[in-house]
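With this note's numbering applied, the sequence shown closes on residue 572, and no number is skipped along the way.
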Amino acid sequence: MKLSSLLERVEYTCCQGSLDQEVTTVTYDSRKAEPGSMFICIRGAVVDGHKFIPDVVEKGAKVLVVEEETQVPSGVTVIRVKDTRYAMAFISAAYFGYPAEKLKTIGITGTKGKTTTTYMVKSILENAGYKVGLIGTIEAIIGDKVIPAANTTPESFVIQKYFRDMVDAGCDCVVMEVSSQGLMLHRTQGFIFDFGIFTNIEPDHIGPNEHKDFAHYLACKSLLLKQCRVGIVNRDDEHFDKIIEGHTCTLETYGFSPEADLRAEDAKLVSGKGYLGISYHLKGLLDFPVEIDIPGKFSIYNSLTAIAICRHFKVSEDNIIKALKVAKVKGRIEMVKVSDEFTLMIDYAHNAMALESLLTTLREYHPHRLVCLFGCGGNRSKYRRYEMGEVSGKLADLTIITSDNPRDEEPQAIIDDIKIGIGKTSGKYVEIIDRKEAIRYAIEHGEPGDIIILAGKGHEDYQEIKGKKYPMDERVLIADILAER
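Right, dumping it as structure tokens:
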């Protein structure tokens with residue numbers, strides 16, 4: 088491919104060489120450079136790609152995209168840009184033939200609800216006959232191919248490659264999670280989303296390697312509303328006015344607020360043998376009853392978001408109602424049937440904020456007992472352990488403390504830290520290091536009307552110990568325990 092074609096939507100200066108240069112491959116990973124490559128020098132949090140220029144030139148790279156002055160042999164073309172990450176998004180889009188223009192693109196951002204909403208949207212659209220690609224925290228799904236995720240929002244080059252693969256696999260549309268980091272680092276540049284969704288925002292991801300403060304976090308998330316044609320926003324969020332400030336899209340809203348375009352009214356908790364859910368009546372732009380087999384008020388918000396998107400795809404009421412009833416997300420309030428007497432579920436809640444939100448939601452169902460099983464990751468902040476211990480001690484009737492991913496720490500030392508947090512409360516607890524045995528205890532001691540939550544692992548199917556990942560899927564553990572009984 089000619090260099091001039093790759094740069095057709097990029098602002099640049101050609102410092103050396105020719106725009107007629109043929110480019111064989113594009114890469115930002117120096118290990119993948121080869122004769123005829125374009126190498127894009129990305130400044131990462133740890134490593135600066137400019138340092139690898141001598142290596143890639145030796146491997147035969149013919150084009151360098153840089154941010155700083157560079158001395159290289161005369162046979163190498165040097166393209167200078169203001170921001171190589173920003174440029175990479177547009178170069179990648181060109182390299183893969185602008186695949187986003189052949190798909191309906193849906194981007195979902197927010198502190199909570201992104202993962203569940205993407206799967207709800209996928210469920211509704213597929214139920215209506217669309218072929219849907221997905222990119223998110225758990226995995227990317229392209230036709231029959233499932234690729235485990237490394238980041239919530241991959242690098243722009245990877246996104247464009249996935250889009251290309253989706254087009255080639257016959258997908259009509261793609262729904263993807265968009266993280267604040269992804270927006271800040273220009274991973275979602277190079278195309279305009281057809282629909283950009285903002286679920287909610289709470290203080291999170293604030294620290295030296297992420298966002299300096301809440302204002303910066305909010306500003307980064309709000310960038311989505313400047314990169315989409317239609318923006319769909321939670322009207323109930325207390326930061327709504329700030330979120331929509333400077334938006335360049337057509338705006339729609341959802342929520343409980345009378346001002347919302349799509350509203351939930353008459354919400355009711357629903358419970359049956361071994362499952363929990365919620366129902367409500369949809370009003371505003373659409374009017375019909377909805378029931379979901381996922382508990383909690385946030386399930387209403389997630390489903391409203393999904394409906395607000397799918398409305399634009401002319402999906403029938405029947406298809407929406409049916410799809411929402413069966414929509415499930417691995418490891419997000421995932422109910423696993425073990426008994427008609429009590430309810431057991433798996434959830435990814437792995438910090439105090441998420442655990443508090445989950446346990447508070449489940450308390451609303453007035454269980455006989457709320458039982459919370461969890462551990463904390465090793466090589467991570469002790470404060471998380473204290474906080475999660477305190478939250479579970481306050482809100483659960485029984486806490487079962489066990490192992491999560493101990494990594495390089497001793498599981499008992501992590502459990503002892505969790506107990507410090509529980510010690511601030513009057514909560515009852517038992518400690519069982521082996522996670523399978525802890526789950527067995529929870530199931531065998533389940534009482535009629537209990538809600539048992541296995542928190543922290545969610546969709547993960549491994550346990551990380553001393554630098555190695557061992558297979559461990561809670562669904563498999565539960566099946567084994569039931570078989571052994």
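Glycine included, C-beta positions come from ideal geometry on N, C-alpha and C.
Fully enclosed by the segment 174-249, which alpha helix (DSSP H) runs are 4 residues long or longer?
-> 201-214
Within the chosen definition, does the segment 533-543 reach the segment 497-510 through at least 3 CB pairs nearer than 8 Å?
-> no
Run through DSSP, which three-state label would Ser105 get?
-> coil
Below 8 Å, can you find three or more Cβ-Cβ pairs linking the segment 504-523 to the segment 477-493?
-> yes
Quick one: Cα of Tyr528 to Cα of Lys201, how far?
-> 33 Å
With DSSP as the reference, please indicate the residues paired to Leu319 in a beta bridge.
-> One point to set straight first is that residue 319 is Ile, not Leu, in the sequence displayed. DSSP output for Ile319 lists Ile284 and Glu339 as bridge partner(s).
Residue closest to Asp548, alpha-carbon to alpha-carbon, out of Glu524, Asp434 and Gly514 = Asp434
Could you round the C-beta distance between Thr205 and Leu221 to whole angstroms and report it? I think they count as a contact, below 8 Å.
-> 6 Å
So Phe375 is in the beta strand (DSSP E); what residue range does that whole segment cover?
-> Phe375 to Ile379
Using CA coordinates, which residue listed in Pro160, Phe375 and Ala256 is at the minimum distance from Asn406?
-> Phe375
Which runs of the beta strand (DSSP E), 3 residues or longer, sit entirely within the segment 373-453?
-> 375-379 and 430-434
Cross-strand partners of Ala542 (DSSP beta bridge) = Asp434
Distance between Ser513 and Ala227 (C-alpha atoms, nearest Å) | 43 Å
Of the residues Asp142, Met422, Leu445 and Ala215, the one placed nearest Ser124, counting alpha carbons only | Asp142
Ile284 vs Thr392 beta-carbon contact at 8 Å | yes
Secondary structure at Asp548, three-state DSSP: helix, strand or coil?
-> coil
For Val163, which option in Glu339, Asp107 and Asp380 has the closest C-alpha, if you only look at C-alpha atoms?
-> Asp107
Along the chain, where does the beta strand (DSSP E) that runs through Phe139 open and close?
-> Segment: none, Phe139 is in no beta strand (DSSP E) and carries neither H nor E.
Would Lys191 be called buried (16 or more neighbouring beta carbons within 10 Å of its own) or exposed?
-> buried
Could you tell me which residues DSSP pairs with Asp135 in its beta bridges?
-> Arg130
Could you check if Tyr473 is buried or exposed, using at least 16 other CB atoms within 10 Å of its CB as the buried criterion?
-> buried
CA-to-CA distance, Ser490 to Val133, given in whole angstroms = 30 Å
Confirm, please, whether the CB-CB distance from Gly371 to Leu338 is below 8 Å.
-> no
Beta-carbon separation (whole angstroms), Ile381 vs Gly359, contact threshold 8 Å | Ile381 to Gly359, Cβ: 13 Å. No contact.
Using a Cβ-Cβ cut-off of 6 Å (strictly less than) and excluding sequence neighbours within five positions of Ala256, which residues of its own chain qualify?
-> Ile229 and Gly230
Going straight from the alpha carbon of His399 to that of Ala215, what length do you get?
-> 12 Å
Would you give the residue range spanned by the beta strand (DSSP E) that His591 belongs to?
-> The chain is shown only over 88 to 572; residue 591 falls outside these bounds and no answer can be derived.
Within 10 angstroms of the Cβ of Gln550, are there 16 or more other Cβ atoms? Answer buried if so, exposed if not.
-> buried
Cβ shell of Gly383 (< 6 Å), same chain only, five flanking positions each side left out | Thr448
In chain order, what residues of the same chain have a beta carbon less than 8 Å from the beta carbon of Leu305, not counting five sequence neighbours either side?
-> Ile288, His326, Lys329 and Ile330
Top-ranked residue by Cα proximity to Asp259, from His137, Lys189 and Asp135 | Lys189
Could you pull out every residue in the same chain whose Cβ sits closer than 8 Å to the Cβ of Ile568, ignoring the five residues on either side in sequence?
-> Lys523, Ile526, Arg527 and Ile530
Quick one: residues in its chain with C-beta nearer than 8 Å to the C-beta of Arg450, no 5 flanking neighbours on either side, listed in chain order?
-> Leu457 and Leu482
Work out the CA separation of Glu154 and Lys248 for me, nearest whole Å.
-> 24 Å
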